[in-house]
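Engineer: Okay, so the sequence shown: first residue is 657 according to our numbering, each after it adds one.
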Amino acid sequence: MNKQYALAIHGGAGTILREMLTPTLEKQYKDALTLALQKGQEVLKRGGTAVEAVAAAVVVTEDSPLFNAGRGAVFSYEGKHELEASIMCGKTLEAGAVANVRTVKNPVLLSKKILENPDFVYLSGDGADKYAALNGLELVDQKYFYTEERYLQWQEVRDTNRAFLDHNVHIKNAEAKAGDYKFGTAGAVALDQYGNIAAATSTGGLTNKKYGRLGDSSVIGSGTYANNNSCAVSCTGYGEFFLRSVVAYDIAALIEYKGLSLKEAANRVVKDKLVKMGGEGGIIAIDAQGNIELCFNSEGMYRGYVRSADGKPNVFIYE
Ligand code: ASP
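1) For asparagine 970 versus glycine 960, is the C-beta distance shorter than 8 angstroms?
2) Report the residue ranges of all alpha helix (DSSP H) runs contained in full by the segment 700-738; include only those spanning at least 4 residues, in chain order.
3) Just the C-alpha distance for tyrosine 802 and leucine 862, rounded to the nearest angstrom, thanks.
4) Express the C-alpha separation of cysteine 745 and valine 707 in angstroms, rounding to a whole number.
5) Going by other Cβ atoms of all chains shown within 10 Å of its Cβ, with 16 needed for buried, is tyrosine 787 buried or exposed?
6) Taking 7 angstroms as the line, does the beta carbon of serine 873 fall inside it for any heavy atom of the ligand FMN?
7) Would you identify the three-state DSSP class for valine 777, choosing helix, strand or coil?
8) Can you name, in chain order, every residue of its own chain whose Cβ lies under 6 angstroms from the Cβ of serine 964, other than the five neighbours on each side?
9) According to DSSP, isoleucine 942 sits in a beta bridge with which residue or residues?
10) Could you pull the DSSP bridge partners for glycine 752 from this structure?
11) Label asparagine 864 either buried or exposed according to how many other C-beta atoms from any shown protein chain fall within 10 Å of its C-beta, with 16 as the threshold for buried.
12) What did DSSP end up calling leucine 847 once you bin it into helix, strand or coil?
13) Among Met676, Gly752, Gly670, which one has its Cα closest to the Cα of glycine 934?
14) Is asparagine 864 near the ligand ASP, going by C-beta to nearest heavy atom under 7 angstroms?
15) Compute the beta-carbon to beta-carbon distance between asparagine 884 and alanine 789, rounded to the nearest angstrom, for a pair I have assumed lies under 8 angstroms.
16) I need the boundaries of the beta strand (DSSP E) containing alanine 855, first residue and last residue.
17) Note down the Cα distance separating isoleucine 942 from alanine 844, rounded to an integer number of angstroms.
18) Return the chain-ordered list of same chain residues with a C-beta closer than 6 angstroms to the C-beta of tyrosine 905, the five sequence neighbours on each side being excluded.
19) Which residue wins for smallest C-alpha separation from isoleucine 853, given the options Gly967, Pro679, Gly946?
20) Excluding the 5 residues preceding and the 5 following glycine 868 in the sequence, name in chain order all residues of the same chain whose CB lies nearer than 7 angstroms to its CB.
21) On the DSSP letters alone, give me the boundaries of the beta strand (DSSP E) that tyrosine 958 sits inside.
22) Considering only the alpha carbon of each residue, which of Ala888, Gly703, Glu772, Ala713 lies closest to aspartate 687?
23) Any heavy atom of the ligand ASP closer than 7 angstroms to the Cβ of phenylalanine 952?
24) State yes or no: is the C-beta of alanine 753 within less than 8 angstroms of the C-beta of serine 858?
25) Among Ala909, Ala741, Ala729, which one has its Cα closest to the Cα of valine 710?
26) State yes or no: is the C-beta of threonine 1048 within less than 8 angstroms of the C-beta of threonine 892?
27) Do isoleucine 743 and lysine 761 have their C-beta atoms closer together than 8 angstroms?
28) Quick one: any contact between the segment 699-706 and the segment 717-737, if contact means 3 or more CB pairs under 8 angstroms?
29) Are leucine 765 and glutamate 750 close, meaning C-beta to C-beta below 8 angstroms?
30) Does the separation of the CB atoms of isoleucine 948 and alanine 692 fall below 8 angstroms?
31) Only counting the same chain, and skipping five residues up and downstream in sequence, which positions put a Cβ closer than 7 angstroms to that of histidine 826?
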């Protein structure tokens, strides 16, 4: 055991400007991020695994109405909440993912259950909800995911026939570019005391989404990836770009095949490749040496990290 541990989290990236958040709201976000770090840290401190730690941290964001994950998930075109999540272990390369679940209180815990089952990696829709019930996960009525903030956002855009990233639906009539949005997806990456890393991501997807639209968050390789040989990554941003750029795996591949450092690889993908495509967002990443990157090409990203060296949670919102 090397005794060193570290954890990083995000709660979404995008156009997050100081003037957009009241001091009260800013404090609420910072408190929620701090709590997520503390819950993950507790796990790591007592010798839990990186997989357990990222799940514990993401559960906090799923239980908070502030993030577009779990409780605060956005409304779909049909007025439903359809959630996605994924998790991966960098030691074993085992992974679990769920898409379009409707009754699972904590989709990241369902992903973890799936990771533990060697028979499959990715479950969706009613089947995934059924698997959650069979495995004793906490189920909730769709009403549990109702929050007034998300409902009002949906009301603003439900007649547009278009899907929006949460928070910034008010720009519906403008020539909205990806750069106008904020993203409320949540994720975590961790290094445990055994030298293993893991990543997890959870989201409610896009406001007013239809046709079972899925983003990158539940796709292993795009929104989430972990491999002890390279790094663990969790993404947030405009999912269509992250899917097409296979962002999380691309960062890992630059490290594994080209020998780039974590920082170089993250910058190459987030600040160069994604920018050229027009894909706004950010990533958090960690490697087995305990290096951490919180990298984004948007104005802000709800984010934070904690390391065993001083045990003090650090949280940030703006650049
Ligand atoms: N990546 C997510 C999606 O496209 C959105 C987000 O990060 O908030 O579904």
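Note that CB positions come from ideal geometry on N, CA and C, so glycine has one too. The structure presented is a predicted model; accordingly, all values stated were derived computationally and were not measured.
Structural biologist: Taking the geometry as given:
1) Here residue 970 is taken as the residue at index 314 of the sequence shown, counted from 1. Here residue 960 is taken as the residue at index 304 of the sequence shown, counted from 1. Taking 8 angstroms as the Cβ cut-off, asparagine 970 and glycine 960 qualify as a contacting pair.
2) Runs found: 706-719.
3) Counting from one through the sequence shown, the residue named residue 802 turns up at place 146. Counting from one through the sequence shown, the residue named residue 862 turns up at place 206. Looking at the two C-alpha atoms, the distance is approximately 15 angstroms.
4) The residue you call residue 707 lines up with position 51 of the sequence shown. The residue you call residue 745 lines up with position 89 of the sequence shown. Between valine 707 and cysteine 745, the C-alpha separation is close to 6 angstroms.
5) To locate residue 787, count along the sequence shown from 1; it is residue 131. Counting other Cβ atoms within 10 Å of its Cβ, tyrosine 787 reaches 16 or more and is therefore classed as buried.
6) The ligand content of the structure shown is limited to the ligand ASP, which means the ligand FMN is not among them.
7) If you number the sequence shown from 1, residue 777 lands on position 121. Looking at valine 777 - three-state DSSP - the assignment turns out to be coil, as it is neither helix nor strand.
8) Numbered from its first residue, the sequence shown carries residue 964 at position 308. Same-chain partners within the cutoff: Gln660, Tyr661.
9) Residue mapping note: residue 942 aligns to position 286 of the sequence shown, counting from 1. Secondary-structure assignment with DSSP links isoleucine 942 through a beta bridge to Ala888, Ile948.
10) Here residue 752 refers to the residue found at position 96 when the sequence shown is read from its first residue. Looking at the DSSP assignment, glycine 752 forms a beta bridge with Ile743.
11) Against the sequence shown, residue 864 aligns to sequence position 208. Looking at its Cβ environment, which holds 16 or more other Cβ atoms inside 10 Å, asparagine 864 is buried.
12) Counting from 1 along the sequence shown, the entry for residue 847 is found at position 191. Three-state DSSP puts leucine 847 in a strand.
13) Here residue 934 refers to the residue found at position 278 of the sequence shown. Among Met676, Gly752, Gly670, the Cα nearest to that of glycine 934 belongs to Gly670.
14) For this step, residue 864 is matched to residue 208 along the sequence shown. For the ligand ASP, not one heavy atom lies less than 7 angstroms from the Cβ of asparagine 864.
15) The residue given as residue 884 occupies position 228 in the sequence shown. The residue given as residue 789 occupies position 133 in the sequence shown. The C-beta distance from asparagine 884 to alanine 789 rounds to 33 angstroms, too long to fall under 8 angstroms, and the pair is not in contact.
16) Counting from 1 along the sequence shown, the entry for residue 855 is found at position 199. Looking at the DSSP string, the run of the beta strand (DSSP E) that includes alanine 855 is 853-859.
17) For the purposes of this step, residue 942 is identified with residue 286 of the sequence shown, where counting begins at 1. For the purposes of this step, residue 844 is identified with residue 188 of the sequence shown, where counting begins at 1. Using only the alpha carbons, I get a separation of about 10 angstroms.
18) Here residue 905 refers to the residue found at position 249 when the sequence shown is read from its first residue. A distance below 6 angstroms between beta-carbons, with the five flanking residues on each side excluded, links tyrosine 905 to the following residues of its chain, in chain order: Gly877, Tyr881.
19) Sequence index remark: in the sequence shown, residue 853 carries index 197 (1-based). If you compare the alpha carbons of Gly967, Pro679, Gly946 with that of isoleucine 853, the shortest gap goes to Gly946.
20) On the sequence shown, residue 868 is found 212 positions in, with the first residue counted as 1. Asn756, listed in sequence order.
21) Along the sequence shown, one-based indexing puts residue 958 at 302. Annotation: the continuous beta strand (DSSP E) that includes tyrosine 958 extends over 956-963.
22) As a working note, residue 687 is residue 31 in the sequence shown. For the residues Ala888, Gly703, Glu772, Ala713, the minimum Cα distance to aspartate 687 belongs to Ala713.
23) Working through the sequence shown from its first residue, we reach residue 952 at position 296. Incorrect: phenylalanine 952 has no Cβ contact closer than 7 angstroms to the ligand ASP.
24) Within the sequence shown, residue 753 is the residue found at index 97, counting from 1. Within the sequence shown, residue 858 is the residue found at index 202, counting from 1. No Cβ-Cβ contact shorter than 8 angstroms links alanine 753 with serine 858.
25) The count along the sequence shown starts at 1 and reaches residue 710 at position 54. Valine 710 has its Cα closest to that of Ala741, out of Ala909, Ala741, Ala729.
26) The first residue shown for the chain is 657 and the last is 975, placing residue 1048 beyond what the model contains.
27) To locate residue 743, count along the sequence shown from 1; it is residue 87. To locate residue 761, count along the sequence shown from 1; it is residue 105. Not in contact: isoleucine 743 and lysine 761 (Cβ atoms no closer than 8 angstroms).
28) No, they do not touch.
29) Translated into positions along the sequence shown, residue 765 becomes position 109. Translated into positions along the sequence shown, residue 750 becomes position 94. No, the pair does not count as a contact, with Cβ atoms beyond the cut-off.
30) To locate residue 948, count along the sequence shown from 1; it is residue 292. To locate residue 692, count along the sequence shown from 1; it is residue 36. Taking the C-beta atoms as reference points, alanine 692 is found no nearer than 8 angstroms to isoleucine 948.
31) Here residue 826 is taken as the residue at index 170 of the sequence shown, counted from 1. For histidine 826, the predicted model reports a pLDDT of 43, less than 50, meaning its position is unreliable and no value from the coordinates is stated.
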